[in-house]
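Chains as they are written, first to last, in my numbering: chain A, 227 to 602; chain B, 227 to 602.
As structure tokens, the structure follows; a few thoughts come after it.
Number of protein chains: 2
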Amino acid sequence: MTDFKFDIFSTDGAARRGRVTTAHGTFETPAFMATATAATVKAMLPDNVRATGAELAICNTYHLMLRPTAERVARLGGLHKFMDWPGPIVTDSGGFQVMSLAKLRTINENGVTFRSHIDGTAYELTPERSMQIQQLLDSDITMAFDECTQNGASPEEAAASMRMSMRWAERCKRAFMPREGYALFGINQGSVYPDLREESAKALNDLDTEGYGIGGLAIGEGQEAMFSTIEVTIPFLKPMKPRYLMGVGRPDDIVGSVLRGVDMFDCVMPTRSGRTGQAFTHRGTVNIRNARHIEDPRPLDERCGCLACTRYSRAYLHHLFRTEEMLGPILLTTHNIQYYQGLMRGLREAIEVRKINDFAAAFHEELARGDIEPLS
Amino acid sequence: MTDFKFDIFSTDGAARRGRVTTAHGTFETPAFMATATAATVKAMLPDNVRATGAELAICNTYHLMLRPTAERVARLGGLHKFMDWPGPIVTDSGGFQVMSLAKLRTINENGVTFRSHIDGTAYELTPERSMQIQQLLDSDITMAFDECTQNGASPEEAAASMRMSMRWAERCKRAFMPREGYALFGINQGSVYPDLREESAKALNDLDTEGYGIGGLAIGEGQEAMFSTIEVTIPFLKPMKPRYLMGVGRPDDIVGSVLRGVDMFDCVMPTRSGRTGQAFTHRGTVNIRNARHIEDPRPLDERCGCLACTRYSRAYLHHLFRTEEMLGPILLTTHNIQYYQGLMRGLREAIEVRKINDFAAAFHEELARGDIEPLS
Chain A
227 MTDFKFDIFS
237 TDGAARRGRV
247 TTAHGTFETP
257 AFMATATAAT
267 VKAMLPDNVR
277 ATGAELAICN
287 TYHLMLRPTA
297 ERVARLGGLH
307 KFMDWPGPIV
317 TDSGGFQVMS
327 LAKLRTINEN
337 GVTFRSHIDG
347 TAYELTPERS
357 MQIQQLLDSD
367 ITMAFDECTQ
377 NGASPEEAAA
387 SMRMSMRWAE
397 RCKRAFMPRE
407 GYALFGINQG
417 SVYPDLREES
427 AKALNDLDTE
437 GYGIGGLAIG
447 EGQEAMFSTI
457 EVTIPFLKPM
467 KPRYLMGVGR
477 PDDIVGSVLR
487 GVDMFDCVMP
497 TRSGRTGQAF
507 THRGTVNIRN
517 ARHIEDPRPL
527 DERCGCLACT
537 RYSRAYLHHL
547 FRTEEMLGPI
557 LLTTHNIQYY
567 QGLMRGLREA
577 IEVRKINDFA
587 AAFHEELARG
597 DIEPLS
Chain B
227 MTDFKFDIFS
237 TDGAARRGRV
247 TTAHGTFETP
257 AFMATATAAT
267 VKAMLPDNVR
277 ATGAELAICN
287 TYHLMLRPTA
297 ERVARLGGLH
307 KFMDWPGPIV
317 TDSGGFQVMS
327 LAKLRTINEN
337 GVTFRSHIDG
347 TAYELTPERS
357 MQIQQLLDSD
367 ITMAFDECTQ
377 NGASPEEAAA
387 SMRMSMRWAE
397 RCKRAFMPRE
407 GYALFGINQG
417 SVYPDLREES
427 AKALNDLDTE
437 GYGIGGLAIG
447 EGQEAMFSTI
457 EVTIPFLKPM
467 KPRYLMGVGR
477 PDDIVGSVLR
487 GVDMFDCVMP
497 TRSGRTGQAF
507 THRGTVNIRN
517 ARHIEDPRPL
527 DERCGCLACT
537 RYSRAYLHHL
547 FRTEEMLGPI
557 LLTTHNIQYY
567 QGLMRGLREA
577 IEVRKINDFA
587 AAFHEELARG
597 DIEPLS
């Protein structure tokens with residue numbers, strides 16, 4: 227077993243190129259996680275996820291505590307074995323999903339009580355129970371149980387919410403069982419208010435968790451507010467710890483956030499979009515359901531090396547979505563994950579050679595060109 | 227290019243071990259096709275289909291003439307390129323699906339007029355048009371356009387239906403454009419009436435098509451009637467041509483039919499069952515949705531080498547179906563296709579060593595044991 231550690235190899239401005247070592251192997255940063263909410267990356271075989279370059283998966287405490295339950299996953303040998311993902315796994319704490327999915331939620335200082343959105347069963351989730359669940363799941367990176375402060379909260383509301391999250395973070399730290407190669411990440415909150423973000427960062431620094439989540443962003447505040455919040459927050463985070471911007475985001479959100487010093491990302495966008503026919507390409511998003519593709523023999527993205535782009539025409543992908551064939555979501559999800567992983571690889575290489583600004587400029591220039599012209 | 231040919235290497239009783247050579251490569255017989263109705267094996271990547279040992283795919287004239295249309299597939303380079311299946315492809319003639327799916331069907335001596343089940347558009351399908359469509363799709367084995375005589379037809383109805391199919395087969399033969407490595411299979415009809423099956427076989431022999439479909443079976447007549455119909459039909463088919471029992475079937479149907487001299491099979495059962503949670507194993511079928519599997523750490527079938535059985539527990543597969551995750555259908559379809567291909571491999575090897583009866587006895591004995599006992 228090895229210690230959990232974060233090595234930074236090079237930097238370019240605020241951007242960092244590093245590697246995180248966990249009990250189940252390493253991942254290169256900046257990293258984009260494979261979203262495996264219910265212990266599966268939707269529509270994907272794990273081997274095909276790994277083939278895109280994804281090294282880190284994220285599973286969901288809320289979903290897994292309902293089905294199949296954390297205790298059952300533990301008896302079956304933990305998440306890595308259960309879902310055939312031998313590499314590193316992050317679990318979120320469940321707080322966000324409880325507030326967005328569960329029914330009859332009641333939140334107080336102790337934690338949250340709620341009823342399952344599936345069958346109405348009553349549950350309680352507290353910082354201590356969230357730590358226990360994440361340990362039972364055997365995730366390498368445990369996220370602290372927090373409250374995601376709603377977008378538009380007043381400074382008073384945001385302060386009260388953030389301070390409760392910081393008290394919960396303390397309870398998480400006490401409840402978290404240190405194990406070699408395993409980490410707890412505290413989560414920075416404070417909405418878009420710089421003083422609250424600073425206060426939250428200092429509280430987390432006192433706890434000395436192995437890394438930081440940056441939470442409560444990408445929930446409607448807009449990209450500009452998100453970037454400026456990152457900028458005012460990061461100076462207060464200890465530089466030698468990884469920074470994980472939770473739930474972000476679009477490709478341009480990621481490029482901008484890496485420029486500002488973020489190391490880790492997760493977002494449902496590549497997988498969810500893949501299932502509905504939206505593809506990410508170097509020249510922006512493509513809706514493959516659009517009739518313009520019906521007889522287009524060209525690949526989705528000629529620069530992409532994924533299965534969808536090397537083996538199939540846009541016409542075929544269009545056909546699969548039009549006929550509601552499962553291979554459509556399979557191929558577009560594969561493509562989108564590959565696109566995101568390629569973007570991360572490009573960002574990492576650019577930081578290594580200290581060309582991150584050139585990379586970002588080229589990225590935006592190509593994006594602005596828009597999709598290839600339809601065939602006449 | 228090579229001629230279309232069928233080589234028989236060895237026989238054991240009525241069972242034959244052979245190889246069919248087509249314009250797009252060979253396949254070993256007895257063969258079970260991969261069902262790729264709308265130019266995709268549902269829930270599967272072609273590479274994973276091939277990895278199971280499947281060499282031959284079957285696509286559907288009716289579905290493809292509606293979407294994306296045969297003309298469009300032709301302009302895109304044909305089915306092999308369109309769906310990334312470089313190997314041999316069979317297309318059915320569309321007759322069966324018109325009768326089971328289309329609306330406002332009218333059948334007469336000329337052919338069938340109908341409306342699409344998708345958008346109500348009017349179409350006509352005749353022997354000549356079916357041949358044209360299958361040529362546009364570029365299938366290696368074109369099936370004659372016939373009427374599938376309904377189960378329970380009287381001898382008079384069955385005779386009239388079969389004789390029209392034989393007149394249509396003549397028109398198919400005239401319309402089929404011979405190309406090196408491509409074949410037309412006439413389809414034997416006649417319901418369960420031996421004299422009609424004989425009359426049909428002789429009509430097809432006069433046409434001298436490259437192989438035979440055996441149609442109008444596995445539509446409710448029962449296994450005993452199916453087997454006895456095969457037994458009375460096959461003696462009238464020319465021995466050096468491949469025999470394809472259309473739409474069959476369950477594993478025991480296949481074993482029994484190979485024993486009686488059938489060379490080729492197709493059926494939606496492994497793929498359709500895989501999507502609904504039913505798995506085929508050496509010890510019979512398993513409904514993975516059943517609660518008995520919820521914490522079972524054992525593989526679906528310990529004798530199976532597929533992804534589902536080597537990487538995952540029954541508990542995980544159960545979880546995937548319970549949470550309606552796409553990976554469930556993906557893994558169970560993979561398993562079922564692998565099971566069927568393993569069965570065919572076993573049958574081929576048994577014929578080679580003239581142990582087909584021992585193989586069949588062992589197959590039935592293991593099947594009769596039923597699924598492994600639940601864990602206490």
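For each residue, glycine too, the CB sits at the ideal point set by N, CA and C.
Query	Result
Just to confirm, are LEU573 of chain B and ALA241 of chain B a CB contact at a threshold of 9 Å?	yes
At the level of alpha carbons, what is the spacing between GLU354 of chain B and PHE402 of chain B?	8 Å
Which two residues bound the contiguous beta strand (DSSP E) that contains ILE409 of chain A?	In the sequence as displayed, the identity of residue 409 of chain A is Ala instead of Ile. Counting along the chain, the beta strand (DSSP E) containing ALA409 of chain A begins and ends at 409-414.
Quick one, which of B:LEU593, B:ASP273 and B:SER380 has its alpha-carbon nearest ALA260 of chain B's?	B:ASP273
Mind listing the chain A neighbours of ILE622 of chain B? Cutoff is C-beta to C-beta under 8 Å, in chain order.	Here chain B covers residues 227 to 602 and nothing more, so residue 622 of chain B does not appear.
Let me know if ASP615 of chain A comes out buried or exposed under the rule of 16 or more other beta-carbons within 10 Å of its beta-carbon.	Nothing about residue 615 of chain A can be read from this structure; chain A reaches only from 227 to 602.
Keeping to the same chain, check which residues put their C-beta closer than 8 Å to that of GLY251 of chain B; ignore five residues upstream and five downstream.	GLU281, PRO312, GLY313 and PRO314
Which stretch, first to last residue, makes up the beta strand (DSSP E) that contains GLY446 of chain B?	First-last for GLY446 of chain B: undefined, no H or E at that position.
Confirm, please, whether the CB-CB distance from VAL488 of chain A to ILE440 of chain A is below 9 Å.	yes
Cβ of THR497 of chain A within 9 Å of Cβ of VAL267 of chain A?	yes
In whole angstroms, give me the CA-to-CA distance for GLU457 of chain A and ARG486 of chain A.	6 Å
Run down chain A in chain order and give the residues with a C-beta less than 8 Å from the C-beta of LEU302 of chain B.	GLU521, PRO523, SER539, ALA541 and TYR542
Is it the case that the Cβ atoms of LEU533 of chain A and LEU543 of chain A are separated by a distance below 9 Å?	no
Tell me which residue opens and which closes the beta strand (DSSP E) that ILE234 of chain B is part of.	231-238
Is the distance from the Cβ of GLY407 of chain B to the Cβ of THR248 of chain B below 9 Å?	yes
Compare the Cα-Cα distances from GLN449 of chain B to each of B:THR435, B:LEU471, B:PRO465 and B:ASP434 and report the closest residue.	B:LEU471
Which residues in the same chain as MET291 of chain B place their Cβ atom closer than 8 Å to its Cβ, once the five residues preceding and following it in sequence are excluded?	GLY320, TYR349, LEU351 and ILE359
Using a Cβ cut-off of 9 Å (strictly closer), state whether LEU601 of chain B contacts chain A.	no
Note down, in chain order, each residue of its chain lying with its Cβ closer than 6 Å to the Cβ of ALA576 of chain A, except the 5 sequence neighbours on either side.	ILE582 and PHE585
Can a CB atom of chain A be found closer than 9 Å to the CB of ALA296 of chain B?	no
Examine chain A for any beta-carbon lying closer than 9 Å to the beta-carbon of THR266 of chain B, and answer yes or no.	yes
Is ASN516 of chain B helix, strand or coil by DSSP?	coil
Could you give the residue range of the alpha helix (DSSP H) that holds ASP273 of chain B?	272-277
Could you tell me the alpha carbon to alpha carbon distance between ASN513 of chain A and ALA505 of chain B, rounded to whole angstroms?	35 Å
If I follow the unbroken beta strand (DSSP E) through ASN665 of chain A, where does it start and stop?	What is shown of chain A runs 227 to 602, which leaves residue 665 of chain A out entirely.
By Cβ distance, which residues of its chain are closer than 8 Å to ALA264 of chain A, with the 5 residues on each side in sequence left out?	CYS285, ASN286, HIS289, LEU290 and ARG293
Is MET309 of chain B close to chain A? Criterion is C-beta to C-beta, closer than 9 Å.	yes
If I follow the unbroken beta strand (DSSP E) through ASN562 of chain B, where does it start and stop?	Element bounds for ASN562 of chain B: not the beta strand (DSSP E) but the alpha helix (DSSP H), 553-578.
If you measure between the beta carbons of ARG405 of chain A and GLY437 of chain A, is that distance less than 9 Å?	no
Taking all protein chains shown into account, do 16 or more other C-beta atoms lie within 10 angstroms of the C-beta of THR228 of chain B, making it buried, or fewer, making it exposed?	exposed
Measuring CB to CB, does SER524 of chain B end up less than 9 Å from ARG548 of chain B?	Residue 524 of chain B is actually Arg in this sequence, not Ser. Not a contact, by the Cβ cut-off of 9 Å.
Does the Cβ of GLY346 of chain A have 16 or more other Cβ atoms within 10 Å, making it buried, or fewer, making it exposed?	exposed
Consult DSSP for CYS374 of chain B and reduce its assignment to one of helix, strand or coil.	coil
Are LEU258 of chain A and TYR566 of chain A closer than 9 Å when you measure CB to CB?	The sequence as given places Phe at residue 258 of chain A; Leu does not occur at that position. Result yes, Cβ atoms of PHE258 of chain A and TYR566 of chain A sit closer than 9 Å.
Return the chain-ordered ranges of every beta strand (DSSP E) run that is complete within the region 475-525 of chain A and spans a minimum of 3 residues.	504-507 and 510-513
With PHE547 of chain B as the anchor, note down where its alpha helix (DSSP H) starts and where it stops.	540-548
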